[in-house]
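First residue of the sequence shown? That's 22 in my numbering, and the numbers climb one at a time after it. Right, one structure below, let's go through it.
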Amino acid sequence: MIGKSTLWRHPGHLVWILAAYLPFLWEMVIPFTGDQKTYISIAMEMRERGEWLQPYLFGDPNYLKPPFQYWMTLLSWKLLGFHVFATFLPGVIALVLIAWLLNEIASLLGERKWYVNSGLWFAATAGAMTYALSAQMDIYVCLFYAASWWAGLRFLEDRPNQRAGEDRKVFWLYLAFILAGVSALVKSPLYSVFWVSGYVIYLLISGEWLLFKSKHLYYSLLAGIVTGLLWYLALFIRDGEQFWTQFFLHEQLQKGSNGGTLLDLWVPLLYMAFPFTLLLFTAIRSAWMGRRTAGVLRFVIAWSLPPALFFSLFPYRTSLYLFILVPALAVLVDWGCFRANRTRTFRFLSRATGIILALGLAIFGFALYRFEFIPADLMLAILFTGVASAVVLWFGWMRLFTITALFAVLFCRMGSIEIARSDRHGMLEAIGPVKDYQVAMLDENRDVWHEIGLLSVSLSSPMRRLFDFDEMMDQLHEGGTVILSDDQAERFRHTLNDSIEAEGKRLEWKPWKRFKRRQKIPFKEVLLQGKAAIPEFDSLISREYEVVRIAR
Numbered sequence: 022m023i024g025k026s027t028l029w030r031h032p033g034h035l036v037w038i039l040a041a042y043l044p045f046l047w048e049m050v051i052p053f054t055g056d057q058k059t060y061i062s063i064a065m066e067m068r069e070r071g072e073w074l075q076p077y078l079f080g081d082p083n084y085l086k087p088p089f090q091y092w093m094t095l096l097s098w099k100l101l102g103f104h105v106f107a108t109f110l111p112g113v114i115a116l117v118l119i120a121w122l123l124n125e126i127a128s129l130l131g132e133r134k135w136y137v138n139s140g141l142w143f144a145a146t147a148g149a150m151t152y153a154l155s156a157q158m159d160i161y162v163c164l165f166y167a168a169s170w171w172a173g174l175r176f177l178e179d180r181p182n183q184r185a186g187e188d189r190k191v192f193w194l195y196l197a198f199i200l201a202g203v204s205a206l207v208k209s210p211l212y213s214v215f216w217v218s219g220y221v222i223y224l225l226i227s228g229e230w231l232l233f234k235s236k237h238l239y240y241s242l243l244a245g246i247v248t249g250l251l252w253y254l255a256l257f258i259r260d261g262e263q264f265w266t267q268f269f270l271h272e273q274l275q276k277g278s279n280g281g282t283l284l285d286l287w288v289p290l291l292y293m294a295f296p297f298t299l300l301l302f303t304a305i306r307s308a309w310m311g312r313r314t315a316g317v318l319r320f321v322i323a324w325s326l327p328p329a330l331f332f333s334l335f336p337y338r339t340s341l342y343l344f345i346l347v348p349a350l351a352v353l354v355d356w357g358c359f360r361a362n363r364t365r366t367f368r369f370l371s372r373a374t375g376i377i378l379a380l381g382l383a384i385f386g387f388a389l390y391r392f393e394f395i396p397a398d399l400m401l402a403i404l405f406t407g408v409a410s411a412v413v414l415w416f417g418w419m420r421l422f423t424i425t426a427l428f429a430v431l432f433c434r435m436g437s438i439e440i441a442r443s444d445r446h447g448m449l450e451a452i453g454p455v456k457d458y459q460v461a462m463l464d465e466n467r468d469v470w471h472e473i474g475l476l477s478v479s480l481s482s483p484m485r486r487l488f489d490f491d492e493m494m495d496q497l498h499e500g501g502t503v504i505l506s507d508d509q510a511e512r513f514r515h516t517l518n519d520s521i522e523a524e525g526k527r528l529e530w531k532p533w534k535r536f537k538r539r540q541k542i543p544f545k546e547v548l549l550q551g552k553a554a555i556p557e558f559d560s561l562i563s564r565e566y567e568v569v570r571i572a573r
């Protein structure tokens with residue numbers, strides 16, 4: 022059992038991350054990202070086929086991404102069952118592992134182990150909350166990147182005793198490159214290249230030139246390459262032409278510009294690093310001034326330079342590409358909190374962070390309350406967390422702040438759950454208890470971002486994807502249920518009714534009111550006067566789906 026004293030130190034303080042992320046993980050939240058809908062759907066089709074090697078979507082092989090994310094989802098479903106908790110638990114486990122690795126890395130770089138909080142800083146960021154609670158690849162990219170760096174630094178830490186004729190333990194070097202090879206199976210082989218490039222940079226700027234004469238460096242590189250290529254070679258042998266066309270030509274080599282600018286790439290990093298965004302500047306300033314960096318600055322440069330440079334030059338730019346920098350920045354900020362916490366700049370920026378966080382959480386909590394999404398007690402908890410964060414930052418209690426920030430993560434999650442609650446409960450009420458594939462959704466356009474996978478895990482029962490009217494009729498005749506969007510219901514209501522009535526039967530239509538995302542809402546009026554001031558408020562924030570089955 023972890024004692025009180027160790028809850029403030031690595032690794033015992035990782036319990037605070039579990040306290041922020043595990044509660045209510047079985048509840049559906051408003052999706053933080055859109056891509057996870059695709060990945061859950063792919064994993065669901067693989068589960069239906071009993072397939073582990075080849076991803077599937079729309080009944081056909083799909084090579085949009087490598088399979089590691091699908092494997093984690095499938096494994097969790099296999100062990101825990103097909104539901105929300107099992108879908109998102111792997112991401113939370115990955116987050117805790119990253120936090121542990123960052124703490125270990127900070128210790129290897131010379132920080133005092135009793136003070137290290139890098140993992141807490143990372144877990145408390147908006148980026149970590151977004152991707153740890155989304156069934157997509159980015160959290161695993163950070164996991165293997167951090168794991169490779171940890172093993173690589175462990176190898177360098179093991180100083181050889183030349184008098185005794187001892188060598189470094191090459192096990193860590195091989196492990197580092199093999200982990201980097203596995204990262205090629207997460208999102209793209211590019212991330213393996215990034216790590217190798219960064220590690221070479223670190224060796225050069227750390228004066229480890231003699232290592233380039235070691236055969237083990239090149240053997241370990243070869244081991245990593247072989248590890249990373251295994252799945253690609255297997256798929257190339259099994260389905261070479263389509264695999265080459267879709268994954269390598271379309272997804273890797275022919276991805277053109279999306280019109281994104283450097284601001285579209287770099288500005289979201291400030292959001293993903295919050296709440297330590299402002300503190301980052303004082304940490305960089307202190308490191309640049311040479312305040313006993315102990316290798317931290319070299320490490321951050323080596324970690325960050327390859328992905329930052331590549332994605333800045335790459336014509337296709339999106340907001341999530343630089344999330345991979347956030348773990349290294351967490352290590353830098355943690356170092357800055359210990360080395361520069363007495364400077365006026367640090368005190369000013371930490372207090373400014375506290376004020377911004379208090380105001381932001383106050384607006385967030387009050388807005389959700391005025392929209393009648395959350396109860397008053399949750400609003401007060403959010404407000405209190407913001408005030409507490411401001412107070413501890415005002416006095417410079419940085420370790421305590423990481424814990425209040427994690428509580429902010431918990432309460433923000435609870436707010437998202439409350440928003441999604443009516444969505445999920447409305448679906449469960451309209452559908453009732455069902456067997457696997459008894460419910461289906463219409464997807465005429467074969468939309469890769471269709472939410473059938475996400476709704477299936479919310480229902481705890483996989484749904485069937487239908488592509489046309491005839492398949493809808495077959496589903497209904499088999500005693501199944503069909504879910505139609507508001508647009509689809511308007512187009513097919515009369516045709517479906519007429520077809521079923523011609524057979525002497527009757528359709529049962531049950532409305533399912535759903536939360537409408539990405540909708541312009543008059544925030545000012547609602548905040549000042551409440552939602553009653555907007556007569557059409559319900560129609561602004563909701564849309565009505567239909568649950569259709571043959572009446573018994």
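Where a beta carbon is used, it is the ideal one built from N, C-alpha and C, also for glycine.
{"query": "Taking C-beta to C-beta, are Ser204 and Tyr212 nearer than 8 Å?", "result": "yes"}
{"query": "Report yes or no: do three or more beta-carbon pairs, one from the region 152-170 and one from the region 108-123, lie closer than 8 Å?", "result": "yes"}
{"query": "When you compare only the Cα positions, how much space is there between His34 and Glu125?", "result": "13 Å"}
{"query": "With distance defined between alpha-carbon atoms, name the residue in Leu505, Val430 and Gly417 nearest to Arg564.", "result": "Leu505"}
{"query": "Could you tell me which of Ile571, Leu378 and Phe536 sits nearest to Gly525, measuring between CA atoms?", "result": "Ile571"}
{"query": "Can you give the beta carbon distance from Cys358 to Met419, rounded, assuming they're within the 8 Å contact cut?", "result": "4 Å"}
{"query": "Taking only three categories from DSSP, how would you classify Val36?", "result": "helix"}
{"query": "Please list, in chain order, all residues of the same chain as Phe45 whose beta carbon is under 7 Å from its beta carbon, the five residues on each side excluded.", "result": "Arg434, Met435 and Ile438"}
{"query": "Based on Cα-Cα distance, which residue from Glu72, Ile440, Leu487 and Ser139 lies nearest to Asn466?", "result": "Leu487"}
{"query": "Specify whether the region 315-324 and the region 365-376 touch according to this definition: at least 3 beta carbon pairs, one from each stretch, less than 8 Å apart.", "result": "no"}
{"query": "Looking only at C-alpha atoms, which of Ala172, His498, Lys456 and Asp489 sits nearest to Leu480?", "result": "Lys456"}
{"query": "Starting from the C-beta of Ala145, find all residues in its chain whose C-beta is less than 7 Å away, skip the five residues before and the five after it, and write them out in chain order.", "result": "Pro296, Thr423, Ala426, Leu427 and Val430"}
{"query": "Starting from the N-terminal side, write out each stretch of the alpha helix (DSSP H) that is 4 residues or longer and does not extend beyond the region 75-132.", "result": "89-101 and 105-129"}
{"query": "Between which residues of its own chain and Ala64 is the CB-CB distance below 6 Å, once the five residues before and five after are set aside?", "result": "Tyr91, Thr94 and Leu95"}
{"query": "Would you report the Cα separation of Glu48 and Lys190, rounded to the nearest angstrom?", "result": "46 Å"}
{"query": "I'd like to check one pair, Phe198 with Ala244: are the Cβ atoms closer than 8 Å?", "result": "yes"}
{"query": "Considering only the beta carbon of each residue, do Ala255 and Leu74 sit closer than 8 Å?", "result": "yes"}
{"query": "With a 10 Å radius around its C-beta and 16 neighbouring C-beta atoms as the bar for buried, classify Trp170 as buried or exposed.", "result": "buried"}
{"query": "For Phe490, which of His446, Leu463 and Lys531 has the nearest alpha-carbon?", "result": "Leu463"}
{"query": "With burial defined as no fewer than 16 other Cβ atoms inside 10 Å of the residue's Cβ, what is the status of Gly386: buried or exposed?", "result": "buried"}
{"query": "I'd like to know if the region 341-352 and the region 388-404 are in contact, where contact means that at least 3 CB-CB pairs between them fall below 8 Å.", "result": "no"}
{"query": "Taking only the alpha-carbon atoms, compute the straight-line gap between Ile51 and His498 and give it to the nearest angstrom.", "result": "33 Å"}
{"query": "Measuring straight from C-alpha to C-alpha, what distance separates Leu290 and Leu350?", "result": "10 Å"}
{"query": "Quick check: the Cα distance between Ser324 and Leu346, rounded to an integer number of angstroms?", "result": "Position check: residue 324 holds Trp in this sequence, whereas Ser was assumed. Cα to Cα, the separation comes out at about 7 Å."}
{"query": "Compare the Cα-Cα distances from Tyr390 to each of Met67, Leu380, Ile440 and Leu421 and report the closest residue.", "result": "Ile440"}
{"query": "Give me the Cα-Cα distance between Val503 and Ala461, rounded to the nearest whole angstrom.", "result": "5 Å"}
{"query": "Where does Pro210 fall in DSSP's three states?", "result": "coil"}
{"query": "Candidates Gln509, Ala451, Leu528 and Glu511: which alpha carbon is nearest Asn518's?", "result": "Leu528"}
{"query": "State buried or exposed for Gly501, treating a residue as buried only when at least 16 other CB atoms are found within 10 Å of its CB.", "result": "buried"}
{"query": "Which runs of the alpha helix (DSSP H) fall wholly inside the region 380-463 and span at least 4 residues, in chain order?", "result": "397-415 and 419-452"}
{"query": "Determine the DSSP secondary structure at Leu505, reduced to helix, strand or coil.", "result": "strand"}
{"query": "DSSP three-state call for Phe17: helix, strand or coil?", "result": "Lying outside 22 to 573, the shown extent of the chain, residue 17 is not represented and no answer is given."}
{"query": "Let's test the definition: count the other Cβ atoms within 10 Å of the Cβ of Met67 and tell me whether it reaches 16, buried, or not, exposed.", "result": "buried"}
{"query": "Would you decide whether Trp356 is buried or exposed? Buried here means 16 or more other CB atoms lie within 10 Å of its CB.", "result": "buried"}
{"query": "Output needed for Ala185: all residues of its chain with C-beta closer than 8 Å, excluding positions within five of it in sequence on either side, in chain order.", "result": "With a pLDDT of only 40 at Ala185, under the threshold of 50, the placement of this residue in the model should not be trusted; the figure read from the coordinates follows. Cβ neighbours of Ala185 beyond the five flanking positions: none."}
{"query": "Tell me Arg30's beta-bridge partners as DSSP assigns them.", "result": "According to DSSP, Arg30 bridges with nothing at all."}
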